[in-house]
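Protein chains in written order, with my numbering: chain A, 1 to 268; chain B, 269 to 536. Idealized CB from N, CA, C, for every residue including glycine.
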DNA sequence: ACATTCTTCGTATGGTGTACGGTTTGCAAG
DNA sequence: CTTGCAAACCGTACACCATACGAAGAATGT
């Protein structure tokens, strides 16, 4: 990704772009006026990705929407990889981070819900290779905000990092499942039931209950409970409780809150 | 993805391909002999993805390695999306699923480790949009095997599904982080330290401790503990314990194991 | 007025997935 | 043994893609 060197001791161009808001643009104002702006490019890109998926996102399409020719986009952004970093940071700044209140469980739930909703708003976030999140202002603010939810509980600094990573990482699973189910329903050239009926003979031949006793039972239970192969919303709720249980247990086992905890009512 | 209809009442071609091993090939043996085979195509594709990443995987490259012309690959596989489904199922069949033994914790740990190692062996698994895993034989076997680890504990069928989904979903996070760190170290055109030094002035200007007190503290702690921005292996171990704690707690809270549990020593 | 510097964009390179249609192959039926 | 024909193979083509390079034009500082 954004690993291209920009010439010896120069700081990353990506980094400068990410923080362009808090940084005075150090550009000499020589040439012709820019017809567009980095923000416009990023927002257009997000729009395209939201509407038509990340695969439909191309430099050409961005240029088209902005009334530019393809190569002009590179005036604003070094390349596609960097653009995606900017997109990620941009969407991280969409929602105001309201002060986290209530019990630890409530605070962690709020964080998870925020992430959940972000995935629903921008499904492409789940499709990009998010090996390392960009070190932009909004991502950084978000991270600070998340850590704040578990500060002062007596957790070691490193464990704080891990707790938040665990919580946020968890959300991706059910979010993916939810969006996938939605997509299928929406594009329903073929409904789940139709698919199943069409493939029933083959599946019966293949999925003999001898070989898959438990899967068969579980799958049938799922199919009867709701008319779908899965229940992502339920899975989200369920998993969240388990994860928070695990976290709470760890917090309790660690030297219990030496400092005054940041919130009043800590209901275990 | 593999949603193209193959003509009214016909079962999915992908499904048939996935189960080609357990299905007699119903192909009329008319034309010329096939010079290659579906398995060879899939294995070559996996090889390329392993060696050079999923981006380097193209139909043309597969054809080259097999001594075919590009379009001939489509004789074996309907398209790239379907091929990826086949790849996923293929790697799921690489390791023998040895009987799970020991305590619940040990069994769940074994499952997580299997997934972890699979990600290390095939990093591209983390980069593909795995909205819904393919319903192939190896993926199915694996699923049955996973469910078997928590069968007979008194969990509702639906909860069993959710527990496994939670556990497997968790692994992706630290695995991604681990592989990313590895990749950086390996390709070290620039070490972490060099990057940091180069960007130090900008970062200091940006990351004022007033705005990021906790992140600053946590980041520094991480940087001192190990010379890296993160510790994925530790995060994996830590998160796994928390997740299992949460699961165990739930199992205990639910009607405690009505049936005989499949293993002897259940150490809480 | 001129030099400089930056934006814009035309062109080109080397990729991608895959639709389409033609050629070759080799088994099966006449 | 011939022939029909389905299937494998492949040449060509299309519509894209990211982006390197360099020319043309615009606005500014001197």
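Would you say residue i faces chain A, with C-beta separation under 8 Å as the test?
i, result
"residue 446 of chain B", "no"
"residue 518 of chain B", "yes"
"residue 313 of chain B", "no"
"residue 464 of chain B", "no"
"residue 430 of chain B", "yes"
"residue 290 of chain B", "yes"
"residue 470 of chain B", "yes"
"residue 530 of chain B", "The pLDDT assigned to residue 530 of chain B is 46, lower than 50, so where the model puts this residue is not dependable; a value taken from the coordinates is nonetheless given after this. Not closer than 8 Å to any Cβ of chain A, the Cβ of residue 530 of chain B fails to qualify, so no."
Applying a beta-carbon distance threshold of less than 7 Å, which residues of chain A neighbour residue i?
i, result
"residue 287 of chain B", "206"
"residue 400 of chain B", "180"
"residue 503 of chain B", "162, 165"
For residue i, count neighbouring C-beta atoms within 10 Å of its own C-beta (all shown protein chains included) and say buried if the count is 16 or more, exposed if not.
i, result
"residue 196 of chain A", "exposed"
"residue 342 of chain B", "exposed"
"residue 134 of chain A", "buried"
"residue 404 of chain B", "buried"
"residue 302 of chain B", "exposed"
"residue 453 of chain B", "exposed"
"residue 439 of chain B", "buried"
"residue 115 of chain A", "buried"
"residue 201 of chain A", "exposed"
"residue 336 of chain B", "buried"
"residue 492 of chain B", "exposed"
"residue 486 of chain B", "buried"
"residue 29 of chain A", "exposed"
"residue 121 of chain A", "exposed"
"residue 396 of chain B", "buried"
"residue 77 of chain A", "buried"
"residue 300 of chain B", "exposed"
"residue 95 of chain A", "exposed"
"residue 231 of chain A", "buried"
"residue 428 of chain B", "buried"
"residue 461 of chain B", "exposed"
Give me the chain A residues within the contact set of residue i, using Cβ-Cβ distance strictly less than 9 Å, ordered along the chain.
i, result
"residue 299 of chain B", "Ordered by position in chain A, no residue passes the 9 Å Cβ test against residue 299 of chain B, which lies about 25 Å from the chain."
Given that residue i touches chain B, what residues does it touch there, using C-beta distances under 9 Å?
i, result
"residue 247 of chain A", "510, 513, 514"
"residue 140 of chain A", "474, 475, 479, 480, 483"
Is there a Cβ of chain B sitting closer than 8 Å to that of residue i, yes or no?
i, result
"residue 12 of chain A", "yes"
"residue 66 of chain A", "no"
"residue 144 of chain A", "yes"
"residue 15 of chain A", "yes"
"residue 79 of chain A", "no"
"residue 154 of chain A", "no"
"residue 254 of chain A", "no"
Could you work out which residues of chain B lie near residue i, taking near to mean beta carbons separated by less than 7 Å?
i, result
"residue 75 of chain A", "Within 7 Å Cβ-Cβ: nothing; residue 75 of chain A doesn't reach chain B, min ~22 Å."
What whole-angstrom Cβ distance do residue i and residue j have, given they're in contact under 8 Å?
i, j, result
"residue 430 of chain B", "residue 235 of chain A", "5 Å"
"residue 36 of chain A", "residue 66 of chain A", "5 Å"
"residue 321 of chain B", "residue 411 of chain B", "Wrong, their Cβ atoms sit about 27 Å apart, outside the cutoff."
"residue 38 of chain A", "residue 20 of chain A", "6 Å"
"residue 112 of chain A", "residue 158 of chain A", "Not confirmed; about 21 Å, so no contact."
"residue 17 of chain A", "residue 86 of chain A", "6 Å"
"residue 250 of chain A", "residue 513 of chain B", "7 Å"
"residue 139 of chain A", "residue 89 of chain A", "5 Å"
What does residue i reach in chain A if we use C-beta pairs closer than 8 Å?
i, result
"residue 426 of chain B", "218, 221, 222, 225, 231, 234"
"residue 415 of chain B", "214, 215, 218"
Cβ of residue i within 7 Å of any heavy atom in the ligand GDP?
i, result
"residue 57 of chain A", "Questions concerning the ligand GDP fall outside what the structure shown contains, since it holds no ligand whatsoever."
Show which residues of chain B have a CB atom less than 8 Å away from the CB atom of residue i.
i, result
"residue 127 of chain A", "397"
> Residues in the stretch 351-372 of chain B with C-beta within 8 Å of chain A's C-beta atoms, listed in sequence order?
Replying inline: none
>> Beta carbons nearer than 7 Å to chain B: which residues of the stretch 37-63 of chain A have them?
In response: none
> Mind listing which residues of the stretch 372-387 of chain B have their C-beta closer than 7 Å to chain A's C-betas, in chain order?
Replying inline: none
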